[in-house]
RNA sequence: GCCCGGGUGGCGGAAUUGGUAGACGCGCGGGACUCAAAAUCCCGUCUUGGCAACAAGGUGAGGGUUCGAUUCCCUCCCCGGGCACCA
């Protein structure tokens, strides 16, 4: 069918690559410039590679091959993120222990990744579920612990009813579990956290990172930094409980005079203390009900602002006004201080709440825009602001604010905060949406947390030399019960305290798999003696990762965690692990996401078996821009199959028929040279931009030309190198066929001659009143006078010029000639 | 609700700073080769009218700026992604 035997060729070269060890990287001795080409490592599933794997790994590899040809020493490692729920869930249903199924899956996957024809250096692979790896994940935990960045604390946390474990904030999407989709509820539990919040400012700093703007923005929004004021409200103690106070956080200190009540979150410590006897029953019931609700329930009730009065009052420190203290679940316990000052005139939520519960509304900021509306409202309600149709949330000028009247919001924020500072009742303050990273999980298939609980000494970290704390593989009931399965393995639980040697119990929770994946890129550079988690000298040499390729879904999870952990491990708050980041797009079928349930999943094997892996890879590259994905078409791939075949024919002079040139006969040598150099330029520039689709298109254009015109041997060699990142096996075969020395990947990437890529004569359009009326051919640097003269000579153009008087002439060299005619 | 992307032929998708819209490929139509089919090769392919030259319309909808707008501005519609009471 095809004259190019793709399957034979790909087998041949995969074998040759392996035998010659061409992809094995010398991390220390090589004198070429280093390039760390990283792709997010896969979770090893038992299924065959799906199209997304091919898309991601195939194209990431093409990038690596291109960089290699550019003369770099490319480090392209690969490993497995092999801890995690799927293997464990499989164990629950089948009884096959995770360490067994995982081993089988990774072996199989390695084989398949080889079939793509990738240049991974398997000598330096990692598997996060191996004791050799998780030993050091535990060490990472201890590092965090020693630096005071890991702590165990009771807090309201997210609990997934499906996975029967707690989840990090980042792993809850729309109130559901990111993994299994089950509903997530709030529970008060004692859990391990990493203090990622203390790195918020460093994580906010993306300077110097060549990352997609969108990803940086998502992280910025997730961290959610707000600059504002913390204000202390004293409680008017009717309960006789002594001097009570609470702090609130606000970004709008300028509205402080408009505060007509305060709200505590139901979980706030002070709720009990400020509630008066007569309100106790009602408040307790409200708090209890709120606790039972999921976040979804709380927000699902939407704009309906529920709440109860505590019976107590607080004093507004700026004016001594007494305001009632309420409890309401529209105030979040975990943000700011868990308490707010409510200013109904200038906050939509407070406005809705005040309306519903008939609390006063006082206008303290006025903007130009509100002027008309207010006049129409009632003049009588001016000072009270009850006439406001809605909250005015914009900045403006202060009113009803005593001596601060007339100040702009900006100025007032500063002045009011400074005043509060004088009386020790407030200060400037910064608040973040980012919460600490909850890292403990009540599941089996993860790295055990290296902590023991001693009756005498309390919480004691396991000494580094005793690592790894091995995950038991015998006698484990994997079934999730809401407690770690490890709790039911006595041999694991019962231990001795490393400090006092007394009886102690091991921590039974395991670590979030995102901890494992937050440092694997460092582990690829492990030290030979295994004395350290990674080789510091190698890390110094090879970091940052020059290119990191992976899915955009990790923007606020892995990519945030990895930056944080990297900063801690290399002991530099400003260090960044990934210099350039590129996200692959999604491959769809008929415009829809592929899914088993829709039955529109495309299996690569069928097409790889028919056309070979090069064609499959190249079609994926051709489908659309890499970052945007593309739509798979069973028919579309035939275009690339034809292309590969025609390419092969060109190299082998099998171009008979149709009057095409062959046998080394070149009909226009200058044109060949020009087109070849234009191709080199186009392909090089497109690859740099990750626009592989247009690079392939340029190849096709060139091929169409070359098959007619003929090519010489030198051009064939250049073409073989140029095609190498796109179709590595084909390129090797062509290169060998042309008598080139193994390997094509040890050649130099061709350079174009700038003089050859510009045409001396070009064809440009001529417009009359903006409409194209003809085209003229003129020299590249033709002066305006000549260009216009030639344009006028065009019969169709002159026809339109005669219709009136030329009032303007336009000449953009190389682009357009235009006339404006009036009449 | 808010914040990002994006809407271009039958389809996937191309189009520097505003400068000949539709590259390249698929599909489709026609032809060559063949007893025939496949494969291959050649020609055509945005719509309408015309043999053609050419003309008119055309990049989600409507306005605007400009000699000229897929590109810039305003209003709106649709699709994808993120956030979601963050005070």
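In our numbering, the protein residues as written are 709 to 1531. In this text, a Cβ means the ideal position worked out from N, Cα and C, and glycines have one as well.
Under the three-state DSSP convention, the category residue i falls into
i, result
"residue 1083", "For residue 1083, the predicted model reports a pLDDT of 42, less than 50, meaning its position is unreliable and no value from the coordinates is stated."
"residue 1475", "strand"
"residue 1109", "coil"
"residue 1003", "helix"
"residue 730", "coil"
"residue 791", "coil"
"residue 822", "helix"
"residue 1181", "coil"
"residue 918", "strand"
"residue 1115", "coil"
"residue 1415", "helix"
"residue 1454", "helix"
"residue 1030", "strand"
"residue 1470", "strand"
"residue 1216", "coil"
"residue 1019", "strand"
"residue 1203", "strand"
"residue 1464", "helix"
"residue 978", "coil"
"residue 1459", "coil"
"residue 1254", "strand"
8 Å Cβ cutoff met for residue i and residue j
i, j, result
"residue 783", "residue 1250", "yes"
"residue 1400", "residue 770", "yes"
"residue 1149", "residue 880", "no"
"residue 837", "residue 906", "no"
"residue 1373", "residue 1418", "yes"
"residue 1289", "residue 919", "yes"
"residue 1440", "residue 1451", "yes"
"residue 651", "residue 745", "Residue 651 is absent from the model: the chain starts at 709 and stops at 1531."
"residue 928", "residue 912", "yes"
"residue 936", "residue 1137", "yes"
"residue 940", "residue 1032", "no"
"residue 1160", "residue 1168", "yes"
"residue 714", "residue 1347", "no"
"residue 1064", "residue 1013", "yes"
"residue 1231", "residue 721", "no"
"residue 1176", "residue 850", "no"
"residue 899", "residue 848", "no"
"residue 1474", "residue 1499", "yes"
"residue 1035", "residue 995", "yes"
"residue 1430", "residue 1404", "no"
"residue 1049", "residue 970", "yes"
"residue 972", "residue 1046", "yes"
Other residues of its chain near residue i: CB distance less than 7 Å, five sequence neighbours each side excluded
i, result
"residue 1252", "1284, 1285, 1286 and 1287"
"residue 1381", "1464"
Own chain, CB closer than 8 Å to residue i, minus 5 neighbours either side, in chain order
i, result
"residue 944", "1020, 1021, 1022, 1023 and 1030"
"residue 1053", "963, 966, 1059, 1069, 1070, 1071, 1072, 1073, 1093, 1096, 1099 and 1100"
"residue 1185", "1193 and 1196"
"residue 1522", "1470, 1472 and 1488"
"residue 855", "1276"
"residue 1324", "762, 766, 1312, 1315, 1316 and 1345"
"residue 914", "924, 927 and 928"
Identity of the residue in the options nearest residue i by Cα
i, options, result
"residue 892", "775, 839 and 877", "877"
"residue 951", "1164, 930 and 981", "981"
"residue 1496", "1104, 901, 1000 and 1527", "1527"
"residue 888", "792, 925 and 1449", "792"
"residue 1244", "1267, 1279, 1214 and 823", "1279"
"residue 1396", "799, 1355 and 1335", "1335"
"residue 732", "776, 1494 and 1393", "776"
"residue 797", "772, 785, 870 and 863", "870"
"residue 1269", "1306, 1229 and 1295", "1229"
"residue 1410", "958, 1355, 1266 and 975", "1355"
Cut-off 6 Å between Cβ atoms - residues of its own chain near residue i, not counting five sequence neighbours on either side
i, result
"residue 1293", "1335, 1336 and 1337"
"residue 974", "995, 998, 1035 and 1037"
Task: Within the stretch 853 to 898, ranges of the beta strand (DSSP E) (whole runs, at least 3 residues) - done: Counting only runs of 3 or more, we get 858 to 868 and 873 to 875.
Open item on the list: So within the stretch 1295 to 1362, which uninterrupted alpha helix (DSSP H) runs reach at least 4 residues, ignoring any that extend past its ends?
Closed with: Qualifying alpha helix (DSSP H) stretches, in chain order: 1312 to 1319, 1321 to 1330 and 1345 to 1359.
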